[in-house]
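Numbering (this note's numbering), first residue to last: 1476 to 2209. The beta carbon of each residue, even a glycine, is placed where N, CA and C say it ideally should be. Owing to the predicted nature of the structure, the values given are computational and were not obtained by experimental measurement. Before any comments, here is the structure.
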Amino acid sequence: MAAQQDLSVFVRHHDGIDGMELAIDGIRCAGCMHAIEKGLKRDSGILSARVNLALKRVTVEWREGVLRPEAVIERLARLGFKAYPFLPSEQQDSVTREEARLLRYLGVAGFAAMNIMLLSVSVWSGNASDINPVTRDLFHWLSALIALPTAAYAGRPFFESALRALKAGAVNMDVPITLGVVLALGMSVVETWNHAEHAYFDGAVMLLFFLLIGRYLDQMMRRRTRDLAGNLAALKAETATRLERDGTTIVVPIAAVSPGDLVLVQPGERVAIDGLVETGQSEIDQSLVTGETMPMLVAPGGRVHAGTTNLSGALTVRVEAAGSGTLLDEIDRLMAQAVESRSRYVHLSDRAARLYAPLVHATALATLLGWIAFGLPWQQALIIAITVLIITCPCALGLAIPAVQVVAASALFRRKVMLKEGDALERLAEADMVVFDKTGTLTLPEPELLNADSLDVSIVRQAAALAAASRHPLAQAISRAAGNPAPVRNVHEHQGLGLVALVDGSEMRLGSVSFCEAQAEADLVAATFPTTSLIAWRHGDACAVFAIGQRLRPDARACIAALRQLGLGVMILSGDREAAVASVAQELGIATYRAAMRPDEKLLALADLAAGGCKILMVGDGLNDAPALAKAHVSISPVSAAHLAQAAADIVFLGDSLAPVASSILIARKARRLMIQNLWFAVLYNAVAVPIAIAGLATPLVAAAAMSGSSLIVTLNALRAGRTAASAAERTPS
């Protein structure tokens, strides 16, 4: 279907190089990533192929005119992967379909396993009490009737993955699973045909059931709560109001705007382009893009960026960049690079599987050849080899990580923490440096009235009624402090200065200190609140000054102390101004901080820390934090964060408390220890069980029982994560 499309529209051209971004179905692990990159690079026409495992995308580049874009998709199809041009809506649909598919497989395997086990229990008990051979054969054939179609259907995720790996010349953990299941079912059919006492349909289907549990849980963890491109697109204006040469205006798509054009930005609009102000004066809310808390006053010659919001006056802006090349587009590019680099993190289970799969195959093959060399009939030698495959089938290994993840994720959820990535616990446990953004992270997300206790309640109400007529964030803070009263009527706004209304026959003002002639009162308030923004109010002879700023989250100090007790370093990287960042750092006792940082500067700072050996936990909430959240070893974002920041983060926490940051680290460290314990148990289990199987001292039935028992032990050990998580959480601030 993809080959029938005109794919040329999805190809980008730059300096003689063509490139295309493709979404890929069926990519699950680092092995898939290496298979795709290696397979594509075998084509001499392809210059580079970079797989983004986290987003399930591949970026391919080739010299202009050398390849058709359809050839790339055909090459991926030969490698066993379905690919198509990346479209956010289609990728989200694909993820949803995959999760539903796995759930269907799991349901079928579970239902079949229960029914086959009922038949098997009857056979086991009958073998001990002289069951009628005809009845035993009937039960075996009934088991086959259930098991064979079940395995053909529910085993597809493993069979397809194994085939893809083999086609690409690689071996992954699904290959021994496939071999074990197919051989166990095949031998069971042969044994049933020969009226033997034992068949192994139950072991094969039970193995699929356990492994599908792990695969489904991992898929749930991997599913992102929001699509990255969709969140960023929400910030990008689709149209702009262009000023024509004759003075008229026309609304055009952003793609039709070119550098040098003049565009009109009305109050309340989101800025669509990067450019320089030609005429007009206004305040720009750029907190979402740069992290600066206070609105920036712009006049002719001032610069504005796409994604910011014009608060008050109309502006005429000379375009420097529109669509591509804007600061917003740069954030998107930086974030894509950061996510791609982090996606190359190798999971514990992947590391184990790299050694496990070839070792299992070599052991089973050596067992088969060895027994034949010693004169055993090939049928009996094959049964022993199958026993080796079954007893070493990676059910315990497959459950070692997902089982702990699910239990720990449940414990975190009870602490108002939601995991968005399956390997987030592993990476969080490795963190040794915590980097905080300031605005909306260490502080509460919205500015507040800080000196309400020293102001007359009636004055606050009057000022709030006037402030309610404005969309300015500082005015909104005053309005919220008084419970959002009904706005005063007939309010007139002086651009960049403030609001005026006639109340009870006299003029009431709210705005800058000079606009309200309140310098003396402002000096007194500034002495107590030196780093806040001051808004003045005057009504006749009555005058007041409001200190507006962002309060620290209620347990910020306790959280920083808890992180230090855990042995982690702490620093602040913020896009806010120097004075505001220094004040927060001093209040929290954080010695290392940097202010007024652009997104690319934050990335460079993280790269320097990583080069020094730090495993960085980034905690941030703004759009300007999104690339850093994606680049860091692991990242956490509050639920109040910008949508793109939430999408970039591995973990999201709810509420105003910072306690989840420290408690998540404690829980992650304990969970990782349990994961390692489970992996070691799987290794020790194989060290004991494999020699017994090789020696021919176990039957496939015993092997299936031992395999199921090892899975049960791993699951029971994983349940300890809930208890240890609860005790860990109790020791952290709340």
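So what's residue i in DSSP terms, helix, strand or just coil?
{"i": "Val1583", "result": "helix"}
{"i": "Leu1522", "result": "strand"}
{"i": "His2230", "result": "Here the chain has residues from 1476 to 2209 only, and residue 2230 is not among them."}
{"i": "Thr1783", "result": "coil"}
{"i": "Ala2085", "result": "helix"}
{"i": "Pro2113", "result": "strand"}
{"i": "Asp1493", "result": "strand"}
{"i": "Leu1703", "result": "At Leu1703, the pLDDT of 41 sits below 50, so the modelled position is not reliable; the number obtained from the coordinates is stated separately. Helix."}
{"i": "Phe1556", "result": "coil"}
{"i": "Ser2139", "result": "helix"}
{"i": "Ile1499", "result": "strand"}
{"i": "Tyr1675", "result": "coil"}
{"i": "Met1771", "result": "strand"}
{"i": "Thr1842", "result": "helix"}
{"i": "Met2072", "result": "coil"}
{"i": "Leu1739", "result": "strand"}
{"i": "Glu1536", "result": "strand"}
{"i": "Asp1612", "result": "helix"}
{"i": "Asp2131", "result": "coil"}
{"i": "Ser2058", "result": "helix"}
{"i": "Ser1818", "result": "Any reading at Ser1818 must be qualified, since the residue scores a pLDDT of 48, below 50, and its modelled position is unreliable; the value itself is stated next. Coil at Ser1818, not helix or strand."}
{"i": "Gly1755", "result": "coil"}
{"i": "Gly1750", "result": "strand"}
{"i": "Thr1714", "result": "strand"}
{"i": "Val1732", "result": "coil"}
{"i": "Leu2172", "result": "coil"}
{"i": "Asp2125", "result": "coil"}
For a quick check, are the C-beta atoms of residue i and residue j less than 7 Å apart?
{"i": "Gln1970", "j": "Gly1788", "result": "yes"}
{"i": "Gly1722", "j": "Met1908", "result": "no"}
{"i": "Val1882", "j": "Pro2135", "result": "no"}
{"i": "Ala1622", "j": "Phe1684", "result": "no"}
{"i": "Lys1913", "j": "Val2056", "result": "yes"}
{"i": "Leu1718", "j": "Leu1739", "result": "yes"}
{"i": "Arg2028", "j": "Asp2131", "result": "yes"}
{"i": "Val1547", "j": "Val1535", "result": "yes"}
{"i": "Ala1957", "j": "Val1966", "result": "no"}
{"i": "Ala2105", "j": "Ala2123", "result": "yes"}
{"i": "Val2114", "j": "Leu1917", "result": "no"}
{"i": "Asp1749", "j": "Ala1796", "result": "yes"}
{"i": "Ile2010", "j": "Leu1925", "result": "no"}
{"i": "Glu1968", "j": "Arg2147", "result": "no"}
{"i": "Leu1641", "j": "Ser1618", "result": "no"}
{"i": "Ala1584", "j": "Leu1687", "result": "yes"}
{"i": "Arg1611", "j": "Val1598", "result": "yes"}
{"i": "Leu1790", "j": "Gly1755", "result": "yes"}
{"i": "Trp1537", "j": "Gly1514", "result": "no"}
{"i": "Pro1728", "j": "Thr1714", "result": "yes"}
{"i": "Ala1943", "j": "Ser1954", "result": "yes"}
{"i": "Val1656", "j": "Gly1630", "result": "yes"}
Between the Cα of residue i and the Cα atoms of the options, which residue gives the shortest distance?
{"i": "Ser1636", "options": "Val1650, Ala1627 and Asp2125", "result": "Val1650"}
{"i": "Gly1743", "options": "Ser1733, Glu1758 and Gly2087", "result": "Glu1758"}
{"i": "Ile2126", "options": "Ala1993, Leu1593, Asp1898 and Cys2034", "result": "Asp1898"}
{"i": "Leu1613", "options": "Ala1627, His1673 and Thr1791", "result": "His1673"}
{"i": "Glu2053", "options": "Asp1500, Gln2040, Met2072 and Ile2035", "result": "Met2072"}
{"i": "Ala1588", "options": "Leu1682, Glu1982 and Ala1939", "result": "Leu1682"}
{"i": "Thr1571", "options": "Tyr1691, Ala1640, Ser1663 and Asp1605", "result": "Tyr1691"}
{"i": "Leu1551", "options": "Ala1839, Phe2021 and Cys1507", "result": "Cys1507"}
{"i": "Leu1972", "options": "Ser1945, Leu2194 and Leu2149", "result": "Ser1945"}
{"i": "Val1440", "options": "Thr1625, Thr1791, Asn1669 and Val1665", "result": "Summary: the structure shown does not reach residue 1440, with the chain confined to residues 1476 through 2209, and so no result is reported for it."}
{"i": "Gly2050", "options": "Gly2095, Ser2008, Thr2007 and Ser1519", "result": "Gly2095"}
{"i": "Val2189", "options": "Glu1923, Ala1524, Leu1843 and Gln2152", "result": "Gln2152"}
{"i": "Leu1941", "options": "Gly1980, Arg1984 and Ser1929", "result": "Arg1984"}
{"i": "Ala1886", "options": "Leu2141, Ala2170, Leu1581 and Leu2154", "result": "Leu2141"}
{"i": "Gly1491", "options": "Pro1920, Leu1522, Ala2070 and Arg1553", "result": "Leu1522"}
{"i": "Tyr2240", "options": "Met1662, Leu1581 and Val1609", "result": "Outside the modelled stretch of the chain, which goes from 1476 to 2209, sits residue 2240, for which no answer is possible."}
Say the cut is 6 Å; is the CB of residue i nearer than that to a heavy atom of the ligand HEM?
{"i": "Ala1944", "result": "The ligand HEM is not part of this structure, which contains no ligands at all."}
### Task
Run through the stretch 1978–2014 for me and flag every whole beta strand (DSSP E) of 3 or more residues, listed as ranges in chain order.
1981–1986 and 2008–2014, all fully within the stretch 1978–2014.
### Message
To test your reading of the DSSP string, which unbroken beta strand (DSSP E) runs of 3 or more residues are found completely within the stretch 2008–2052?
### Response
Fully enclosed beta strand (DSSP E) runs of 3 or longer: 2008–2014, 2017–2024 and 2044–2048.
### Task
Please confirm if the stretch 1850–1866 is in contact with the stretch 2080–2099, defined as three or more CB-CB distances below 8 Å between the two stretches.
In short, these stretches do not touch, since the Cβ pair count stays below three.
### Query
Can you list the beta strand (DSSP E) stretches of 3 or more residues lying completely in the stretch 1873–1943, in chain order?
Listed in chain order, they are 1892–1894 and 1908–1911.
### Task
Spell out a yes or no on whether the stretch 1984–1996 and the stretch 2013–2020 are touching, meaning 3 or more CB-CB pairs, one atom from each, closer than 8 Å.
They touch, by the three-pair rule.
### Query
What are the uninterrupted segments assigned as beta strand (DSSP E) that are 3 or more residues long and contained completely in the stretch 1951–1975, given in chain order?
With a minimum length of 3 residues, the continuous beta strand (DSSP E) runs that stay inside the stretch 1951–1975 are 1967–1969.
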